[in-house]
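All remarks here apply to the structure that follows.
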Amino acid sequence: FSEGSYQTKLETAKNLLEMGFAIEAIVRATGLSREEVESV
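According to the UniProt record's numbering, the sequence shown is numbered sequentially starting from 1.
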């Protein structure tokens with residue numbers, strides 16, 4: 001990822017987590033790894 005798009009993906013993952021989405025769904029939606037999603 002470029003730095004900007006990576007930051008955007010992390011922000012998206014954080015927002016989805018706060019909305020109660022399952023980690024697996026966020027991984028599929030953002031293309032991030034499970035570890036990256038859990039770290040936000």
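Each residue gets a CB set at the ideal place from its N, CA and C atoms; glycine is no exception. All values reported here derive from a predicted model rather than from experimental measurement.
- Contact between Ser33 and Val27 holds: CB atoms are separated by about 7 Å, below the 8 Å threshold.
- Distance from the CA atom of Glu24 to the CA atom of Val37, rounded to whole angstroms, is 9 Å.
- In this structure, DSSP gives Leu32 a state outside helix and strand, which the three-state scheme calls coil.
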